[in-house]
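Worksheet: one structure, shown below.
Numbering (this note's numbering), first residue to last: 226 to 807.
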């Protein structure tokens, strides 16, 4: 007698319902049509439960050339354990437990779907504790690209799909449980055989597909990790709070902060999605590297020199604000919880360091369509320009509200180009290289930029997203062209308008989504410092950065959170000098 049989109470005649037992009315069982329908529904329910247990949470396995049936030829331990429990329970308890197990499986299936999306876009799995705010950001991005009706429709569709997954899997588990209970002897024998097979495959470690062992417990493992995220997130909150309280530059006197840059204008250019893959992927590098080489020649002709390396971004594929926070604060900001803690603090940022030291500070954020709110208070720029006050009257280019050249032209007109301006520090975010990379602007004569109307024909004749996104190779090509355009715009502005006092620092905020950069790409992004005065680059001679705009694979790699202290150290006073070689 098996363990499952011993656990079961003696059978007793109990009423059953077709809804949760998967049975047809006994008076109609003799009708072949109803027997076939009942069997088909039960088989479909079992298949749905099986697929929900073994389906991978990585879309890469569903792509042509990557998907193989071996990824699904698995024996899920969770299904075996669940079946054993349900077979052993009496009818009333079985209905309740089956419903709860079905809802739990539905929730884990939704988590797998979220993982698929996050792995594709952000290169990591969804964090069920910290990542809910990112869904709102995704909605905002859809609104910017496709309009509010389409974004709202997508949100409603996602909610309906989630509810459908929960309901269908709950009903499916109930139906399969009822069927197994009515055929308890063959069901018990099947479970016993599966236990033996699972144990044998587990000992041997058999895999018919890489990363998908036949003896599977992936769903249980995923559930365990999700549960353990809660205490881990609480610990992370405390650890980051302690890091916020520790800052070697907090009390440095204003006259010592950035003393090596007195009288100079500092511009930080943040190039959206400018990742290392743009240089090292053969297809994309063939488009980006020539643009960087031409840019280096253009700068050299204007008297500038450049040095480059890599930073490891705290985010990937999106979440640009996390990279901004890491770069500015000198802390590793890799999740929304840390970012919320950061902007509620008085942490010294690069912007506030320049402000304290006497610079005029300016933020240029063409991607912002509303007040920056708490973030604006934290960064503390003296003046902020965004999509509402930059004066753009031209068309959108995908998600980007305006071309990068216009953003720089507006900065030149409103701030940098004024006859008399005090030394300034500006952060300018360049958005033309933001997904979906269609259409892409083109450089025009700086005197023709005007209010942006000149870009109308360029947008009208540009490639459409619907055309570009039919082919992954075409997506990568257009992404590379957008990076080349963004860097060209920045280099052209510096060569055209920059003087001896200009120091330009530009870097990528993160790699592009994995559909472009690859599923195993690093989080590294290029970073470059450009200056006309040799004394500026002499200050960073100990960094080991490479000449030019295009760092090679052997260039130094720093964490993005290390840049603030390195920079303040190289151009600052006592504390900085003691830390500059760290």
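A virtual CB, placed ideally from N, CA and C, is assigned to each residue, including glycine.
Asked                                                                                                                                                                                               : Found
Looking only at C-alpha atoms, which of 435, 571 and 521 sits nearest to residue 472?                                                                                                               : 571
Spell out a yes or no on whether the stretch 363-378 and the stretch 776-785 are touching, meaning 3 or more CB-CB pairs, one atom from each, closer than 8 Å.                                      : no
May I ask you to report which of helix, strand or coil DSSP gives residue 468?                                                                                                                      : helix
Do residue 494 and residue 715 have their C-beta atoms closer together than 7 Å?                                                                                                                    : yes
Suppose the cutoff is 6 Å on Cβ atoms and the five residues either side in sequence are ignored; what does the same chain contact list for residue 757 look like?                                   : 528, 529 and 725
Whose CA, out of 500, 576 and 575, lies closest to the CA of residue 752?                                                                                                                           : 500
Whether or not the stretch 381-395 and the stretch 262-269 are in contact is what I'm after, with contact meaning three or more pairs of Cβ atoms, one per stretch, closer than 8 Å; do they touch? : no
Could you compute how far the alpha carbon of residue 508 sits from the alpha carbon of residue 350?                                                                                                : 27 Å
Using C-beta distances below 7 Å, list every residue in its chain close to residue 277, excluding the 5 sequence neighbours before and after it, in chain order.                                    : 330, 334 and 394
Name the DSSP bridge partner or partners of residue 729?                                                                                                                                            : 492 and 755
Quick check on this structure: which residue in 439, 435 and 405 has the alpha carbon closest to the alpha carbon of residue 421?                                                                   : 439
With DSSP run on the structure shown, which of helix, strand or coil describes residue 665?                                                                                                         : coil
Three-state secondary structure (DSSP) at residue 718?                                                                                                                                              : helix
To the nearest angstrom, report how far apart residue 489 and residue 476 are at their CA atoms.                                                                                                    : 23 Å
Could you pull out every residue in the same chain whose Cβ sits closer than 6 Å to the Cβ of residue 647, ignoring the five residues on either side in sequence?                                   : 585
DSSP state of residue 610, grouped into three classes?                                                                                                                                              : strand
Give me, in chain order, the residues of the same chain whose beta-carbon lies closer than 6 Å to that of residue 491; leave out the 5 immediate sequence neighbours on both sides.                 : 650 and 728
Which residues in the same chain have their Cβ closer than 7 Å to the Cβ of residue 520, if we skip the five residues on either side of it in sequence?                                             : 712, 713, 716 and 774
Quick check: residue 661 and residue 619, are their CB atoms within less than 7 Å of each other?                                                                                                    : no
Kindly indicate which residue of 271, 389, 358 and 412 has the alpha-carbon position closest to the one of residue 312.                                                                             : 412
Using DSSP with H/G/I as helix, E/B as strand and the rest coil, what is residue 784?                                                                                                               : strand
How close, in whole Å, do the beta carbons of residue 559 and residue 540 come, if the pair is a contact with beta carbons under 8 Å?                                                               : 6 Å
I'd like the span of the alpha helix (DSSP H) that includes residue 523, first residue to last.                                                                                                     : 507-526
Can you give me the Cβ contacts of residue 810 inside the same chain, cut-off strictly under 6 Å, excluding the 5 residues immediately before and after it?                                         : It is not possible to answer for residue 810, since the shown part of the chain is limited to 226 through 807.
When you compare only the Cα positions, how much space is there between residue 765 and residue 719?                                                                                                : 20 Å
Give me the DSSP bridge partner(s) of residue 625.                                                                                                                                                  : 622
To the nearest angstrom, how far is the alpha carbon of residue 723 from that of residue 486?                                                                                                       : 16 Å
Need the endpoints of the alpha helix (DSSP H) that residue 553 sits in, please.                                                                                                                    : 545-554
Can you name, in chain order, every residue of its own chain whose Cβ lies under 7 Å from the Cβ of residue 707, other than the five neighbours on each side?                                       : 657, 658, 662 and 665
Taking CB distances under 7 Å as the criterion, tell me whether residue 385 reaches chain C.                                                                                                        : Checking the listed chains, one finds no chain C in this structure; it contains a single protein chain.
If I measure Cβ to Cβ from residue 574 and keep anything under 7 Å in the same chain, skipping five residues before and after, which residues do I get?                                             : 553, 554 and 604
If you pair each beta-carbon of the stretch 303-317 with each one of the stretch 392-410, do three or more pairs fall below 8 Å?                                                                    : yes
Pull up the distance between the alpha-carbon of residue 338 and that of residue 282, whole angstroms please.                                                                                       : 7 Å
Of all the options 673, 685 and 496, which has the alpha carbon lying nearest to the alpha carbon of residue 734?                                                                                   : 496
CB residue 532 to CB residue 783, shorter than 7 Å?                                                                                                                                                 : no
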